[in-house]
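K.L.:
Number of protein chains: 2
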Amino acid sequence: MALSLRRAGHRVIGCDLRDGAAEPLVAIGGEAGRAVEAAAESDIVVSVVLNAAQTEAVLFGAQGCATAMRQGAAIISCATVDPQVARDMAVRAEALGLYYLDAPISGGATKAREGRLSIMASGSGAAFDAARPALDAMAETVHDLGREAGAGSAMKAVNQLLAGVHIAAMGEALALAASQGLDLGRAVDVIRVSAGSSWMFENRAPHVVEADYAARSAVTIWPKDLGIVSGIADGAGLPVPLTHAALGQFERAVAAGWGGEDDAAVTKVYARDAGLSLPGEG
Amino acid sequence: MALSLRRAGHRVIGCDLRDGAAEPLVAIGGEAGRAVEAAAESDIVVSVVLNAAQTEAVLFGAQGCATAMRQGAAIISCATVDPQVARDMAVRAEALGLYYLDAPISGGATKAREGRLSIMASGSGAAFDAARPALDAMAETVHDLGREAGAGSAMKAVNQLLAGVHIAAMGEALALAASQGLDLGRAVDVIRVSAGSSWMFENRAPHVVEADYAARSAVTIWPKDLGIVSGIADGAGLPVPLTHAALGQFERAVAAGWGGEDDAAVTKVYARDAGLSLPGEG
């Protein structure tokens, strides 16, 4: 995302706890810096971290950006968080004279690198206006979900509920296919053109067929994101049995030591439970 | 399916327990008859009923087709059944000198009417050859899943697992969206182009948005089909928690009196549980 901003001609300061993380940015004319200092010089701060706790630290922690930022500067907050967290942060940012855009991202590393993310965004009109130059550089699609922070995060949670359940369902279905002696490659070809298909099935099932579990998106994302979904649903008094079933399978995958693998590795939980061999095994 | 066969120029005798069911067929030059008598005059019997028990009755019951059929005639069995049931029926048919094609269908009433079904078929080469004229008339796509009965039914079960889970997940996701105050029409537009999309989401979610629960495919299909999936998985020692979660939600929809409605009505179970209003209500 920093590279996309730089390629669009912006001055970009990359801030990351990992040494060397900013090198590719520096190689194309960007800079590396510390968040609190970079924030003081920036019109826009784009926060792209794992969760609410990291967002809190980046924006409002002792070394955080918010108090250093200029009046009228904008925060684009991209982590998947509870909508209530997004609403609270927007209030805190606005109290400091800043704009806050609730802006979870979707698309993964490849689309991020290409400046072709989808962003599910909500916030004041002024927040959208202030964030626009960065949004244009990073995103192919900006879904405008209205004038209040929280709606972007809610929409992201809805998407993650479906995406996570669909990945686990893919694993469940491929394990059923294997248990019945079906060739998995053939089964994937049939499902792709049938009513059982999903974006995630089409994307992830080939990883199982090819026994390729190099993480494009890791198993560990899902206990986090489905945990957020579950928390939001609990708060609304909404039972979400499919979310819980999928969450349980991803937690079992992490417990089995597959957390760093591609999330298609949830299929291994099913295969192990039923004593089945998947492609690439046995 | 009978209309498609007739339109392709075949002599077609329609057999149905409901009075008048064959009228549209008769109107285009087909005939109405009783199964046991029609079977004696036919090269191919296409059995399109609800489940294994009905298939058993149509083919091997007291008024069934199999014993009346000519040597070398073919059965195309289209109900969704346990693969073991399909294997058993193939053995019984072959013992009578008949061919048996395990041939579950997918696509719904509209595609059936247009001769554009998908058929997930398996059986001997001779069974495929004998069934071919009927397959060509009824199907846009015939997935050839090999030379043994059972594989077609197994593939159908894999598809139904995914399709049923995806419909319930659609309901869960739209209820979450409603609980967070998102406009459902807008949420559907966003999900359609996001990683959370599925064939079923794209097809069924608009029914919820439009509050249109006229059954294209009824809720009652799913306790049946996911029950079959669950039975197959049990037989293989495979835990299928997402299937069970979805099955439970469809059973709750039936218990609430919504069994005859479009299967998108599973969303109402979630809305009721959380005290949410869906479009068209309150």
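Chains A and B are the protein sequences, given in the same order.
Residue numbers for the first sequence follow this note's numbering, beginning at 202 and rising by one.
Residue numbers for the second sequence follow this note's numbering, beginning at 202 and rising by one.
Note that beta-carbon positions come from the ideal geometry of N, C-alpha and C, so glycine has one too.
Quick one: give me the first and last residue of the alpha helix (DSSP H) that residue 471 of chain B is part of.
P.N.:
It spans 467-475 - the alpha helix (DSSP H) in which residue 471 of chain B sits, taken as one unbroken run.
K.L.:
Out of A:451, A:459, A:443, which has the shortest C-alpha to C-alpha gap to residue 467 of chain B?
P.N.:
Selected option, being the one with the closest Cα: A:443.
K.L.:
Can you tell me whether DSSP reads residue 398 of chain A as helix, strand or coil?
P.N.:
The answer is coil: DSSP assigns residue 398 of chain A none of H, G, I, E or B.
K.L.:
With a threshold of 16 other CB atoms inside 10 Å of the CB of residue 405 of chain B, please say whether the residue is buried or exposed.
P.N.:
Result: buried.
K.L.:
So with CB distances below 9 Å, who are the chain B contacts of residue 471 of chain A?
P.N.:
In chain order: 439, 440, 441.
K.L.:
Considering only the beta carbon of each residue, do residue 247 of chain A and residue 335 of chain A sit closer than 9 Å?
P.N.:
Yes, the pair counts as a contact, with Cβ atoms nearer than the cut-off.
K.L.:
Determine the direct distance from the alpha carbon of residue 312 of chain A to that of residue 276 of chain A, and round the result to whole angstroms.
P.N.:
Rounded to whole angstroms, residue 276 of chain A to residue 312 of chain A spans 21 Å at the Cα level.
K.L.:
For residue 420 of chain A, which residues of its own chain have a beta-carbon under 8 Å away from its beta-carbon, when the five flanking residues on both sides are left out?
P.N.:
Correct list, in chain order: 451, 454, 455, 459, 460, 461, 462, 463, 464, 466, 467.
K.L.:
Is the CB of residue 432 of chain B under 9 Å away from at least one CB in chain A?
P.N.:
Closer than 9 Å: no.
K.L.:
Verify whether the separation of the beta carbon atoms of residue 331 of chain B and residue 206 of chain B is less than 9 Å.
P.N.:
No, the Cβ-Cβ distance between residue 331 of chain B and residue 206 of chain B is not below 9 Å.
K.L.:
Taking residue 307 of chain A as the reference, which of A:254, A:481, A:418 has the closest Cα?
P.N.:
Answer by Cα proximity: A:418.
K.L.:
Applying the criterion that 16 or more other CB atoms from any shown protein chain within 10 Å of the CB defines a buried residue, is residue 310 of chain A buried or exposed?
P.N.:
Exposed is the call here.
K.L.:
Given a cut-off of 9 Å on the beta-carbon distance, is the pair residue 358 of chain A and residue 281 of chain A in contact?
P.N.:
A contact, by the Cβ cut-off of 9 Å.
K.L.:
Skipping 5 residues on each side, what residues in its chain have a beta carbon closer than 8 Å to that of residue 324 of chain A?
P.N.:
Closer than 8 Å at the Cβ level, and outside the excluded window around residue 324 of chain A, lie 291, 300, 301, 302, 303, 304, 332, 348, 349, 350, 353.
K.L.:
Just to confirm, is the Cβ distance from residue 427 of chain B to residue 377 of chain A under 9 Å?
P.N.:
No.
K.L.:
Below 9 Å on C-beta distance, what does residue 392 of chain B contact in chain C?
P.N.:
Of the chains in the structure shown, none is chain C; the protein chains are A and B.
K.L.:
Between residue 448 of chain B and residue 472 of chain A, what straight-line distance do the alpha-carbon atoms span, to the nearest angstrom?
P.N.:
If I take the Cα positions, the gap works out to 21 Å.
K.L.:
Taking only runs of the alpha helix (DSSP H) that begin and end inside the stretch 402-439 of chain B, which ones reach a length of at least 4 residues, in chain order?
P.N.:
Counting whole runs of 4 or more residues, the stretch 402-439 of chain B contains the alpha helix (DSSP H) stretches 422-436.
K.L.:
So if I threshold CB-CB distances at 9 Å, which residues from the stretch 256-288 of chain A count as touching chain B?
P.N.:
Listed in sequence order: 284.
K.L.:
Is DSSP giving residue 446 of chain B helix, strand or coil here?
P.N.:
Helix, per DSSP.
K.L.:
What number of angstroms, rounded off, separates the C-alpha of residue 249 of chain A from the C-alpha of residue 214 of chain A?
P.N.:
Distance between the alpha carbons of residue 249 of chain A and residue 214 of chain A: 13 Å.
K.L.:
Between residue 355 of chain B and residue 383 of chain A, how many whole angstroms is the CB-CB distance? I'm expecting something under 8 Å.
P.N.:
Yes, residue 355 of chain B and residue 383 of chain A are in contact; Cβ-Cβ is about 6 Å, under 8 Å.
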